[in-house]
Structures are given as C-alpha cells and as structure tokens.
Amino acid sequence: MKSFRQIPYYFLLTLACGVSVYFFFQGQFNSHFAFLYGDEFDGLIETFLVSHWFDAFKLRQSWTQPIYFFPHAGVLGYNDSYFLYGVVASLFRLVGFNMFVSQELCHAAIKAIGFFSMAALLNALVSRKLFSILGAVLFTLALNSSVQAGHGQLLSVALSPLLSFLLVKGAEAFRIQRIERAFAYACGFIILFNALLLTSFYMAWFYGLFCLLYIFSFVLVDRKASKLIVCDLWVHKKRILLLAIVFIVTVAPFLYVYLPKLKQTGGQGYRSQLIFSLRFADLVNFGDTSAIWGWLSTLLSKSNPAAWRMGEFQMGFTPDILVLFLAAIAAAWIAKRRSYITAHRALIVATVIGLLLPISVNGHSLWFFVRLIPGASGMRVISRFYIFLAFPLALLISLFLSRLSERSRVIGAVTTVVFVFVCAGQINQHPALFLDANKHAALIDNANAPPAECQSFFAVNPTPRSTSMVDFLYRQNVQAMLIAAHFNLPTLNGFASFNPPDWIFEQNPEYMVNVLTYIRKHDLKNVCSYDISANSWSRDGNIDFAKGLPVLPLGSTFNFSTDRTIQFYSSGWSATEPWGVWSNAKVATLGAHLAVSPINGLILRFGSKAFLVPAHPELTVTVRVNGTPLATYEYRYPDDGQEHMRTLKVPADIAARNGTLLQIQFDVANPTSPEALQINGDDRLLGIGLTSLQVN
Numbered sequence: 043m044k045s046f047r048q049i050p051y052y053f054l055l056t057l058a059c060g061v062s063v064y065f066f067f068q069g070q071f072n073s074h075f076a077f078l079y080g081d082e083f084d085g086l087i088e089t090f091l092v093s094h095w096f097d098a099f100k101l102r103q104s105w106t107q108p109i110y111f112f113p114h115a116g117v118l119g120y121n122d123s124y125f126l127y128g129v130v131a132s133l134f135r136l137v138g139f140n141m142f143v144s145q146e147l148c149h150a151a152i153k154a155i156g157f158f159s160m161a162a163l164l165n166a167l168v169s170r171k172l173f174s175i176l177g178a179v180l181f182t183l184a185l186n187s188s189v190q191a192g193h194g195q196l197l198s199v200a201l202s203p204l205l206s207f208l209l210v211k212g213a214e215a216f217r218i219q220r221i222e223r224a225f226a227y228a229c230g231f232i233i234l235f236n237a238l239l240l241t242s243f244y245m246a247w248f249y250g251l252f253c254l255l256y257i258f259s260f261v262l263v264d265r266k267a268s269k270l271i272v273c274d275l276w277v278h279k280k281r282i283l284l285l286a287i288v289f290i291v292t293v294a295p296f297l298y299v300y301l302p303k304l305k306q307t308g309g310q311g312y313r314s315q316l317i318f319s320l321r322f323a324d325l326v327n328f329g330d331t332s333a334i335w336g337w338l339s340t341l342l343s344k345s346n347p348a349a350w351r352m353g354e355f356q357m358g359f360t361p362d363i364l365v366l367f368l369a370a371i372a373a374a375w376i377a378k379r380r381s382y383i384t385a386h387r388a389l390i391v392a393t394v395i396g397l398l399l400p401i402s403v404n405g406h407s408l409w410f411f412v413r414l415i416p417g418a419s420g421m422r423v424i425s426r427f428y429i430f431l432a433f434p435l436a437l438l439i440s441l442f443l444s445r446l447s448e449r450s451r452v453i454g455a456v457t458t459v460v461f462v463f464v465c466a467g468q469i470n471q472h473p474a475l476f477l478d479a480n481k482h483a484a485l486i487d488n489a490n491a492p493p494a495e496c497q498s499f500f501a502v503n504p505t506p507r508s509t510s511m512v513d514f515l516y517r518q519n520v521q522a523m524l525i526a527a528h529f530n531l532p533t534l535n536g537f538a539s540f541n542p543p544d545w546i547f548e549q550n551p552e553y554m555v556n557v558l559t560y561i562r563k564h565d566l567k568n569v570c571s572y573d574i575s576a577n578s579w580s581r582d583g584n585i586d587f588a589k590g591l592p593v594l595p596l597g598s599t600f601n602f603s604t605d606r607t608i609q610f611y612s613s614g615w616s617a618t619e620p621w622g623v624w625s626n627a628k629v630a631t632l633g634a635h636l637a638v639s640p641i642n643g644l645i646l647r648f649g650s651k652a653f654l655v656p657a658h659p660e661l662t663v664t665v666r667v668n669g670t671p672l673a674t675y676e677y678r679y680p681d682d683g684q685e686h687m688r689t690l691k692v693p694a695d696i697a698a699r700n701g702t703l704l705q706i707q708f709d710v711a712n713p714t715s716p717e718a719l720q721i722n723g724d725d726r727l728l729g730i731g732l733t734s735l736q737v738n
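Sequential numbering from 43 applies to the sequence shown in the working numbering.
Encoded structure:
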C-alpha cells in the first residue's frame, strides 16, 4: 500500500523533471534539435571529443588519442575529456542519432540525472517532498548555467547532487555503524568524482574546492564535533587506506592524460586568472534573458553599461536568489544553535566564502590563496565557480523555505508560491543556440570520401570564408576535426584549450608553407589535403604548397627595409624597420613562389647582421633551404653587428625539392633580448637581421 501512496509523488517528480528539462532545452525541442547550445567553434570541439569516445569504445581509436594534432601523442589532455558525456552520448549514437543530436541529448540526460539526484538529496534533508521537487527544479533551471551553456562541459555541474547524495548516505551509514554500506557509498563517490575529473575538470575541481571550504567551515563552526569525527574515522583507518587505494587507481587515468600536458604547457598563471575575476556587482550580473528579471538587467545595463560586462562575467544570480540566501543566513544567525545542525551552518559559511573567492578588488583577490591547491593552475575562467555555487545556494534556499513552511498552513502556501516564483525567474527566454546542427551535419554527410592511400590530412579553404581573427584560428581547424571524426582519418589540424608547441595551423598566407614544414619535421607520408569549400581531396605529391605566396622573380633584389617584403615573412620576424628586419624567435622562415622551377639550382645572396653587444658577443645561425641545412654562420662582435653580404649555393635537387616553392629557414642558436641584457625595455628575442635578399 505504501508504494501506491507514493504514486502521486513520483508522478509529480517525473512531470517536474520533464518540464524543467524542457524549459532548459526549449529552443532545441522547438527546433527539433536543429539549433543547439554552443557555437561553430567551441561547440564543435565538444562534438568532436564526445564523438571520440564512441569510436574509442568501438576500438577504432585509442582512448587517449583523439585523431587531431596528428602525429602528436596523448592529445586528449589538451582539452576537457568529456568521458561521461561520451558514455551517455554513445548510447544515443547506437540507436541512430548523429553526433550533434546525440551530444545535446546527452546534455539533457545529464540535466535529468541532476534533477533526480537533487530531489533524492533533498529528500534526505527536508521533511516536505514538495520542496525537494521544487529545489530540484530550481537547481536544474539555474540561470547562470543556461546562460553559459554554450560551454557544454559546464553542464556537468548537474552531477554535483549525485556526488553529494553519495556522501550524505555514506555519512548516515557511518553514523549508525553500517560500515560496509558506508564504504560502498564512499567508493561510489570516489569513482564518480574521478570520472567527472576526466569529463569536465572545471566542475570536478570546483566540487573538490567546495568540499575543502566545507571542511574548513565545519571545523570553524564546531571544533569539538570535528575532533569526534576524526576519532571515529581513525578507528576504521584500514578501510580508509583501502579508499585511498581506490582513489589512486581511479584517478590514475586522469593523471596519465593531464600531468604530461600540464608540465608541457605550465597551466594558467594567477594574472591570467585575474582577467576573469568578478566584481561585487557581478553577483547580480545574470544577463537580460530571465523570464521574470530580464527587465531589471536591461535597466541596469542601460544606466551604467561599463559596470555590466558580458560573456564570461555573466555568472550572477537573480535578486530573489540572493534575498532568500540572505534570509537563510539571518535565520541561522538568529536561531538557537541547536535549531541548526553543524552541517547546515557549515554549508552557509562555505557558500559565503565561495562567493567571495573569485571577486577581485584593485587587482587583488582571495583566489591568490586558492592557487596553493593542487590543480588550480588548470583553469583560467575562475568566474565559472559561480555556476557551481548555484548548487549549494539551491540547497540552502530549499532548506530555508522548507523549514519556514512548517510553521503554519498559510506560511506553507506562501512559501510554495515564492518557491515557484523563484524557479520561474530562472527560465532563460533567449538561450544561446548558435550551433546549426543541420548545416554541419550536411558538411560531413556530403563530404567526398578521401583517397584510399591517405593516412592523414590537413584542411584548406573553410566554408564560409573566414573574416575575423577568431575565424582564422578556429574555422578550418574545427571543420577538419569533424571531417576526421566522420571518416576516422587523422588530421594535422586541431584547436583546443592548449595546442601542441609546434602548432602552426592558423589560416594565413603562409599556411601551406607552414604545413609543409610540419609534415617534414614529423616525417609524415601519404598526407592529403581536403578543400572544404570545393569538397575535393588532393593526394600527396599533387598538393601545391606554394599556393597563395607572392611570386619571386629570379634576379630581383628585395630590400627588407620596405613594407612590401612583409609578404615573404612566414614566421619568426619582427616589424620592418628603416634598415631592415630582426628575427624575433629561435626559428625564422621566409617563403616565396618562384617564377620558374629551379632545376639548375639557386644562388642566394643576402645582406645580414646580428644583434651583438659586449655582453652578448656571439651568434650562431644555421640556414636551411627547403628543409635541408646548407650552412652555419658565426656572427661575432663587433664586426658582424654591421651588415655583410653572404652567398649560399643551393644544389639543384634541394632547390627543386618543392617545385616552385622556396622556403628559407634561419635557426638562431642563441638569440636574446635587450631587456634580458638590461639595455632597455625591448623584450624581443633578437637574433639575425636581414637587410636584402637576391635569388639567382
């Protein structure tokens, strides 16, 4: 009979979940998933990485090796890994949905898991089940989560209630001496947390950070209870040791993927994190898309546009959320100590501290101390912590309103109406649906298959034509990633949170020359090119790497003191000066398209000097032509600080190696900057200076 009495509750719970998920994904459902969260850059990178797991589970790809940035190894660590997303999305792929729709259905499934987990967690904490349902609705609809949903990995905050449910149930089992059950819950928590680390580092790390804040707050609020807990845990030290082993085993895949990349990239510095710190005003910087509070945001932004920043700074909370949170703090402060258990008061303190951490004043922030925690350098956009804090705020508001509703029927009815109002204020009327799924599905579905001999490829000529700096960085790279995923063919292209150290795939006039250099550096064979706009493949040996470069008439002398010679700079050069141009890197290259194929060889005459001073008296430069080292020059102070002409003969086989493409590379062994030598504030890495070049 008891199970039958539960039917209305479960019906209402399921209905509330469906309504919440619908409103969060209303644009997707209404467009039949033609338009999705994200954009054609970051959104497609997520699509590629989520799809990678589908291929990994089918043993078509190594789990650590998405097929971009070829031939670099372990490239999964350059971005979030999306492991749990890959598991869920693969189920949708198996029943026939394409990679784009599967990704969004995965997002919806994760939000549904978050809803039911939040309801279950609140059922363990509040007496009124209606308020556990409303708390789950509030958390699921959280406005800052939907405003930032273009970064799909951040939706994994929905797994926070499930993690917390496992902790609460484990603590409850431990309290009543059900040790085996407590151990099982703890193992479940550890496994899920480490799986979340391999899915979305931001949300997993933020959860860990909040756990530390909670422990600190618990000790601060009640030291005596804290000591008793430690003593009780010490009795079961052998099982705690087993839990430590479980943690080490399950965190190992994450460390295997990310530690080498963290060492390679160095992570994010404190100053770069401060760029994304918040102001106190950002507590209510929630954007203008709230169904109830959008008008207020519009009014505030019109009155003082400079105070209300867009993008990664729109992480704030609607006024009703903050008012109820303040009311919850006041209620806990006024009430007698025994009325609010230590766990509740610690949660309030931890949330207050959490809200303060990402805020900076005059270039200073409490986040400076957060940097001491392992893993803190792995994130840049610290403002995203507020997306996580929507979870403890929803918990505290649910607890507060539930307690308040118990005073009388009238108060119960009023608090229910207030709760529904707060939930409605979280509905996003204008979600950021900038990813056209049908357009990109057509791009890959209509793509011609690559030639059988292609072992890898790079992309050219993206569609539509790139017009901005962001386009030049992303477009052809992410489109190449989609083609790679579709045909399971590795691509040299790629773009991620971090890129390999020799990444050269920005779309620019020297792109083809840079790709050729990359191919030779890695000794790649059977590399094809794919023209995205023309939907055509070029086999290895038929690729025109000189395409787009200026034509260099033989016998002409080029003076590097004129701006027109900038067209020959491939990479590694500073700006043109009245005398010529300085190299500004350890490797500087020139590229040009010869008027005729140099079948009889070439003679290069170039005027050069070196950056030399008494404190830096020598410079060694190796000159490579079409990838082959031909000469090494020693520049010595003081004579070679002035221009001298040098002649270099290029044998016919080397000169004609690239057809009509001429590539000259200067490897500077020991460049330095005037700043490093304390001469002045010039921080350019100066080496060789070119004044003129003649090719015969």
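Note that CB positions come from ideal geometry on N, CA and C, so glycine has one too.
- Separation of Ile282 and Leu275 (C-alpha to C-alpha, rounded to the nearest whole angstrom) is 8 angstroms.
- In this structure, the beta-carbon distance from Asn470 to Ser198 does not fall below 7 angstroms.
- Here the alpha carbon of Lys279 sits roughly 40 angstroms from the alpha carbon of Ser319.
- At the C-beta level, Gly192 and Gly80 come within 7 angstroms of one another.
- Ile363 and Phe328 have their C-alpha atoms some 11 angstroms from each other.
- Residue range 49-66 is occupied by the alpha helix (DSSP H) that includes Pro50.
- A distance below 6 angstroms between beta-carbons, with the five flanking residues on each side excluded, links Val456 to no residue of its chain.
- For Cys570, the secondary structure class from DSSP, reduced to helix, strand or coil, is strand.
- For the 7 angstroms CB-CB criterion, Glu548 and Leu515 form a contact.
- Taking 7 angstroms as the cut-off, the beta carbon of Val299 is found no closer than this to the beta carbon of Leu91.
- Contact annotation: the region 684-695 touches the region 636-649, with at least three C-beta pairs closer than 8 angstroms.
- The beta carbon of Asn140 sits closer than 7 angstroms to those of Ala483, all from its chain and outside the five residues before and after it, given in chain order.
- Taking the Cα of Leu297 as reference, the smallest distance to any Cα among Lys628, Thr106, Thr384 is reached at Thr106.
- In the pairwise beta carbon analysis, the region 473-492 is classified as touching the region 61-81: at least three pairs are separated by under 8 angstroms.
- Contact between Leu167 and Leu441 is confirmed by a C-beta separation of about 6 angstroms, below the 8 angstroms threshold.
- As summarised for the region 494-528, the continuous beta strand (DSSP E) elements at least 3 residues long and confined to that stretch are 498-502, given in chain order.
- C-alpha of Lys305 to C-alpha of Pro416: approximately 13 angstroms in a straight line.
- Taking every protein chain shown into account, the CB of Ile721 has fewer than 16 other CB atoms within 10 angstroms, so this residue is exposed.
- Ile645 carries a strand assignment under DSSP once its states are collapsed to helix, strand and coil.
- Per the Cβ contact rule, the region 619-635 is in contact with the region 699-706 (3 or more Cβ pairs under 8 angstroms).
- Per DSSP, the beta-bridge partners of His658 are Val655.
- Cα atoms of Met421 and Gln310: separation of roughly 6 angstroms, rounded to the nearest angstrom.
- Inclusion of Ile232 and Val291 in the CB contact set at 7 angstroms is not warranted, their separation being larger than that value.
- In the structure shown, Glu214 falls within a helical segment according to DSSP collapsed to helix, strand and coil.
- Spanning the alpha carbons of Val459 and Leu534 requires a straight line of approximately 56 angstroms.
- Ile371: member of the alpha helix (DSSP H) spanning 361-376, first to last residue.
- By the CB criterion at 7 angstroms, Tyr249 and Ala388 fall outside the cutoff.
- DSSP places Thr89 in the uninterrupted alpha helix (DSSP H) bounded by 84-99.
- For Val638, no alpha helix (DSSP H) run applies, since DSSP gives it neither H nor E.
- By the C-beta criterion, the region 580-593 is judged not to be in contact with the region 507-523, since fewer than 3 inter-stretch pairs fall below 8 angstroms.
- Per DSSP, the unbroken beta strand (DSSP E) holding Gln736 starts and ends at 730-737.
- Contact annotation: Asp122 and Gln195 have beta-carbon atoms nearer than 7 angstroms.
- Closest in alpha carbon position to Gly212, among Pro203, Phe258, Asn556, Gly230, is Gly230.
- Taking C-alpha positions only, Arg220 is separated from Lys266 by approximately 23 angstroms.
- Taking C-beta atoms as the reference points, Ala58 and Ile218 fail to come closer than 7 angstroms.
- Contact between the region 340-352 and the region 490-500 is absent, with fewer than three C-beta pairs closer than 8 angstroms.
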